[in-house]
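Structure, as structure tokens:
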Amino acid sequence: MDPKAVKSELVLILDYGSQYTHLITRRIRSLSVFSLCISGTSSLKSITDLNPKVVILSGGPHSVHTPDSPSFPAEFVEWAEANGVFVLGVCYGLQLIVQRLGGEVRVGEKQEYGRMEIEVEINSGLFGSKKVGDKQVVWMSHGDEVAKLPDGFEVVGRSQQGSVAAIESPSRRFYGLQYHPEVTHSPEGMETLRYFLFDICKVSAGWSMENVLDEEIKVIKSTVGTEDHVICALSGGVDSTVAATLVHKAIGDRLHCIFVDNGLLRYKERERVMETFERDLHLPVTCVDATDQFLSELKGVVDPEKKRKIIGKEFISIFDAFANDLEKKLGRKPSYLVQGTLYPDVIESCPPPGSGRTHSHTIKSHHNVGGLPKDMKLKLIEPLKLLFKDEVRQLGRILDVPQGFLKRHPFPGPGLAVRVLGDVTTGNALDVLRQVDEIFIQSIKDAGLYDEIWQAFAVFLPVRSVGVQGDQRTHSHVVALRAVTSQDGMTADWYYFEHKFLDDVSRKICNSVRGVNRVVQDITSKPPSTIEWE
Numbered sequence: 048m049d050p051k052a053v054k055s056e057l058v059l060i061l062d063y064g065s066q067y068t069h070l071i072t073r074r075i076r077s078l079s080v081f082s083l084c085i086s087g088t089s090s091l092k093s094i095t096d097l098n099p100k101v102v103i104l105s106g107g108p109h110s111v112h113t114p115d116s117p118s119f120p121a122e123f124v125e126w127a128e129a130n131g132v133f134v135l136g137v138c139y140g141l142q143l144i145v146q147r148l149g150g151e152v153r154v155g156e157k158q159e160y161g162r163m164e165i166e167v168e169i170n171s172g173l174f175g176s177k178k179v180g181d182k183q184v185v186w187m188s189h190g191d192e193v194a195k196l197p198d199g200f201e202v203v204g205r206s207q208q209g210s211v212a213a214i215e216s217p218s219r220r221f222y223g224l225q226y227h228p229e230v231t232h233s234p235e236g237m238e239t240l241r242y243f244l245f246d247i248c249k250v251s252a253g254w255s256m257e258n259v260l261d262e263e264i265k266v267i268k269s270t271v272g273t274e275d276h277v278i279c280a281l282s283g284g285v286d287s288t289v290a291a292t293l294v295h296k297a298i299g300d301r302l303h304c305i306f307v308d309n310g311l312l313r314y315k316e317r318e319r320v321m322e323t324f325e326r327d328l329h330l331p332v333t334c335v336d337a338t339d340q341f342l343s344e345l346k347g348v349v350d351p352e353k354k355r356k357i358i359g360k361e362f363i364s365i366f367d368a369f370a371n372d373l374e375k376k377l378g379r380k381p382s383y384l385v386q387g388t389l390y391p392d393v394i395e396s397c398p399p400p401g402s403g404r405t406h407s408h409t410i411k412s413h414h415n416v417g418g419l420p421k422d423m424k425l426k427l428i429e430p431l432k433l434l435f436k437d438e439v440r441q442l443g444r445i446l447d448v449p450q451g452f453l454k455r456h457p458f459p460g461p462g463l464a465v466r467v468l469g470d471v472t473t474g475n476a477l478d479v480l481r482q483v484d485e486i487f488i489q490s491i492k493d494a495g496l497y498d499e500i501w502q503a504f505a506v507f508l509p510v511r512s513v514g515v516q517g518d519q520r521t522h523s524h525v526v527a528l529r530a531v532t533s534q535d536g537m538t539a540d541w542y543y544f545e546h547k548f549l550d551d552v553s554r555k556i557c558n559s560v561r562g563v564n565r566v567v568q569d570i571t572s573k574p575p576s577t578i579e580w581e
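Structure below.
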């Protein structure tokens, strides 16, 4: 999707590492305004090429006093002022504006974290109809504070402790908030974003999934030549299925889908998914059983990053072989590979500036982003690369993908390889995990909870514990259950099951799955954990 082609003015977010940055993107999109997030240290050309109407400088864990703290390019301010671009700084972003435009930021005498009350000091478009003296609760997270404003700026709001909470310079089109308007802990934050975008910046709201569909079909048709053929790797998940349906709509029978059984699928996944493809989606799909190929390469491998890289490499090797077979049938080799990469995949695979991490130190290499070999012969088509999961589901509904399929929980590209901690080929770990996972998921469905949960699964732990089963001492496997709620997978909270449900599931697992004598529940949110264990 070409950002310049969408029917909406672009709001560009420069990311300085806040855990909430992606939320700004999502909140703005929810207002039918197209928004993108790029690195806060991007070159001026990278910014200007996107032609944004508004630039938002995100928060971050840094201090502007640190010599290597990340910042926008040197000519950014001059470019913004010369081209009528509006700029909003959030938390660290506000402090960057103040420091770079000639003001002063100092280490705060009192730090402000969590819920705080702020008071309006002057009437401002940032707060709509609120009057001087009106108050609202916001979510603060800062240790530094503004000591002196740059020329032309005024304080719009202050905290209870007297710290600067909001600033503006309408003549220069620069604004700042020393709190996070994008989080739900700032109850009136969305209204502030709405006032800023529509009343101050006069942004036009015209972005929709229908726009995305039309634009993507145009891009696919212009990218893929009239004689070119395309391969799509179907995983059985929502993302790859929507991507395949979209590409099929654009180029028809020149799309050739492949579903690979890599030996890392869930219980009866292959049979269930193939039936759905054929019966409901009418997609042309070839099923390849590559169980032995994958498991032989994974034997003895315990490092999760290495597992992901191996799996990515083996997938591409199979796709290349599939392309060669197609070449014999068609007299022409396919040129492209479709993948269901999503925006969170891209964000998580690119560490924020100032984090001290390079691509080899990312949270995890996504199979769609960092797990593919550099010498891959097929060119990539990633029609969902700028979308979040809920947006993909919206697109799927427009494309008439069955609702039951769209509601499926996410499943990782590397499959059960990242749910068996350590060597996946050890003993019967995969079979045990499949049985445990099936009991857990079916119990969730039977209880009517499936649609309330973003993702639920079981994890096979590389430990054994002592138990008593059938009056005998056992030394058996431990499994963990994980269920989370989320909107986009970027942040998540663990799901609170009733005790009776957990008791029933635990009993079913220990009574039905030979070799398991202990069940634990993962009650960690994201952050600090990721959703998957590896």
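Residue numbers (the numbering used here): 48 to 581. We put the CB at the ideal spot given by N, CA and C, even for glycine.
For S490 and V332, the rounded distance between their alpha carbons = Position 285 of the sequence shown holds residue 332. Position 443 of the sequence shown holds residue 490. Near 31 Å, if we compare the C-alpha coordinates of S490 and V332.
key: Beta-carbon proximity list for K268, same chain, < 8 Å, skipping 5 on both sides   = Counted from its first residue, the sequence shown places residue 268 at position 221. Closer than 8 Å at the Cβ level, and outside the excluded window around K268, lie A297, I298.
ask   = For V230 versus Y67, is the C-beta spacing smaller than 7 Å?
value = The count along the sequence shown starts at 1 and reaches residue 230 at position 183. The count along the sequence shown starts at 1 and reaches residue 67 at position 20. Yes; because the gap between Cβ atoms is below 7 Å, this pair is in contact.
ask   = Where does I85 sit, in a helix, a strand or coil, going by DSSP?
value = Within the sequence shown, numbered from 1, the residue matching residue 85 stands at position 38. Residue state, collapsed to three classes: strand.
query = Given a threshold of 16 other Cβ atoms within 10 Å of its Cβ, counted over all protein chains shown, does D392 qualify as buried or as exposed?
reply = The residue labelled residue 392 in the question sits at position 345 within the sequence shown. Per the 10 Å Cβ criterion, buried.
request  = Taking V259 as part of the alpha helix (DSSP H), name the residues at either end of that continuous run.
outcome  = The residue labelled residue 259 in the question sits at position 212 within the sequence shown. 256-270 is the extent of the alpha helix (DSSP H) around V259.
task = Would you decide whether K100 is buried or exposed? Buried here means 16 or more other CB atoms lie within 10 Å of its CB.
result = As a first step, residue 100 must be located in the sequence shown, where it is residue number 53. Classification of K100: buried, given that the 10 Å Cβ count is 16 or more.
request  = Put A530 into one of helix, strand or coil per three-state DSSP.
outcome  = In the sequence shown, the residue the question calls residue 530 occupies position 483. Correct three-state label for A530: strand.
key: At least 3 beta-carbon pairs within less than 8 Å: the stretch 283-298 vs the stretch 429-444   = yes
ask   = Can you round the beta-carbon distance between Y390 and L434 to whole angstroms, since I take them to be within the 8 Å contact cut?
value = By 1-based counting over the sequence shown, the position of residue 390 is 343. By 1-based counting over the sequence shown, the position of residue 434 is 387. The pair is a contact, with the Cβ atoms about 6 Å apart (cut-off 8 Å).
ask   = When DSSP labels each residue in this structure, what does S176 get in the three-state scheme?
value = Translated into the one-based positions of the sequence shown, residue 176 becomes position 129. In this structure, S176 counts as coil in the three-state DSSP scheme.
ask   = What are the partner residues of D308, as DSSP defines its beta bridges?
value = To locate residue 308, count along the sequence shown from 1; it is residue 261. Answer is D336, bridged to D308.
task = Take V567 as the anchor and find which of T538, N170, E581, V510 has the nearest alpha-carbon.
result = Stepping through the sequence shown from its first residue, residue 567 is reached at position 520. Out of T538, N170, E581, V510, V510 has the C-alpha closest to the C-alpha of V567.
task = Would you check if the stretch 220-229 and the stretch 129-141 touch, i.e. whether three or more CB-CB distances between them fall below 8 Å?
result = yes
task = Please classify R511: does DSSP put it in a helix, a strand, or coil?
result = Along the sequence shown, read from residue 1 onward, the residue named residue 511 stands at position 464. DSSP places R511 in strand when its eight states are reduced to three.
inquiry  = Can you check which of these residues, R481, P197, R220, is closest to E151 by C-alpha distance?
reply    = What you label residue 151 is simply residue 104 of the sequence shown in a count that begins at 1. The shortest Cα separation from E151 among R481, P197, R220 belongs to P197.
inquiry  = With a threshold of 8 Å, are at least 3 pairs of Cβ atoms found where one atom belongs to the stretch 378-389 and the other to the stretch 269-280?
reply    = yes
First through last residue of the alpha helix (DSSP H) which encompasses R76 = Position 29 of the sequence shown holds residue 76. Here the alpha helix (DSSP H) through R76 covers 68-76.
task = Count the CB pairs spanning the stretch 451-467 and the stretch 306-314 that are closer than 8 Å, and state whether there are at least three.
result = yes
message = For V111, which residues in the same chain have their Cβ closer than 7 Å to its Cβ, ignoring the five residues on either side in sequence?
response = The residue labelled residue 111 in the question sits at position 64 within the sequence shown. Excluding positions up to five away in sequence, the list reads Q142, L143, Q146, V152, D191.
request  = In the DSSP assignment, find the beta strand (DSSP E) that holds D62 and state where it starts and stops.
outcome  = Looking up residue 62 in the sequence shown gives position 15. It spans 58-62 - the beta strand (DSSP E) in which D62 sits, taken as one unbroken run.
query = Thinking just about the alpha-carbon of each residue, which of T388, G562, R220 is nearest to the one in G474?
reply = As a first step, residue 474 must be located in the sequence shown, where it is residue number 427. Taking only the C-alpha atoms, the option nearest G474 is G562.
message = Need the endpoints of the beta strand (DSSP E) that Q568 sits in, please.
response = Numbered from 1 along the sequence shown, position 521 holds the residue referred to as residue 568. 563-568 is the span of the beta strand (DSSP E), which, as asked, contains Q568.
Minimum length 4: unbroken alpha helix (DSSP H) runs contained in the stretch 225-251 = 236-241
request  = Determine the contact status of K182 and E164, defining contact as a CB-CB distance below 7 Å.
outcome  = Within the sequence shown, residue 182 is the residue found at index 135, counting from 1. Within the sequence shown, residue 164 is the residue found at index 117, counting from 1. Cβ distance < 7 Å, so K182 and E164 count as in contact.
ask   = On the premise that S559 lies in contact with I486, defined as a C-beta separation below 8 Å, what is that separation, rounded to the nearest angstrom?
value = Counted from its first residue, the sequence shown places residue 486 at position 439. Counted from its first residue, the sequence shown places residue 559 at position 512. Right, the Cβ-Cβ distance comes to about 6 Å (below 8 Å), so this counts as a contact.
message = By the three-class DSSP mapping on this structure, what secondary structure does K100 have?
response = In the sequence shown, residue 100 corresponds to position 53, counting from 1. Looking at K100 - three-state DSSP - the assignment turns out to be coil, as it is neither helix nor strand.
key: Length of the line joining the Cα atoms of Q450 and P457   = As a working note, residue 450 is residue 403 in the sequence shown. As a working note, residue 457 is residue 410 in the sequence shown. C-alpha separation (whole angstroms): 15 Å.
request  = Report the residue from S233, H295, R205, K195 whose alpha carbon sits nearest the alpha carbon of R162.
outcome  = On the sequence shown, position 115 is the one that residue 162 refers to. R162 has its Cα closest to that of S233, out of S233, H295, R205, K195.
key: Span of the alpha helix (DSSP H) around I445   = Translated into the one-based positions of the sequence shown, residue 445 becomes position 398. It spans 436-445 - the alpha helix (DSSP H) in which I445 sits, taken as one unbroken run.
query = Can you check whether the CB of S533 is closer than 7 Å to the CB of A527?
reply = As a working note, residue 527 is residue 480 in the sequence shown. As a working note, residue 533 is residue 486 in the sequence shown. No, the pair does not count as a contact, with Cβ atoms beyond the cut-off.
inquiry  = Measuring only the C-alpha atoms, how far is P114 from F123?
reply    = Indexing the sequence shown from 1 puts residue 114 at position 67. Indexing the sequence shown from 1 puts residue 123 at position 76. Roughly 19 Å between the two C-alpha positions.
message = Among the candidates V277, A370, R520, I305, whose CA atom is the shortest distance from the CA of C334?
response = Taking the first residue of the sequence shown as position 1, residue 334 is located at position 287. Considering only alpha carbons, the answer is I305.
inquiry  = Taking the straight line between their C-alpha atoms, what separation do you get for N170 and A213?
reply    = Counting from one through the sequence shown, the residue named residue 170 turns up at place 123. Counting from one through the sequence shown, the residue named residue 213 turns up at place 166. Those two C-alpha atoms are separated by around 12 Å.
inquiry  = Just verifying my parser: in three-state terms, what is the DSSP assignment at M321?
reply    = Here residue 321 refers to the residue found at position 274 when the sequence shown is read from its first residue. Correct three-state label for M321: helix.
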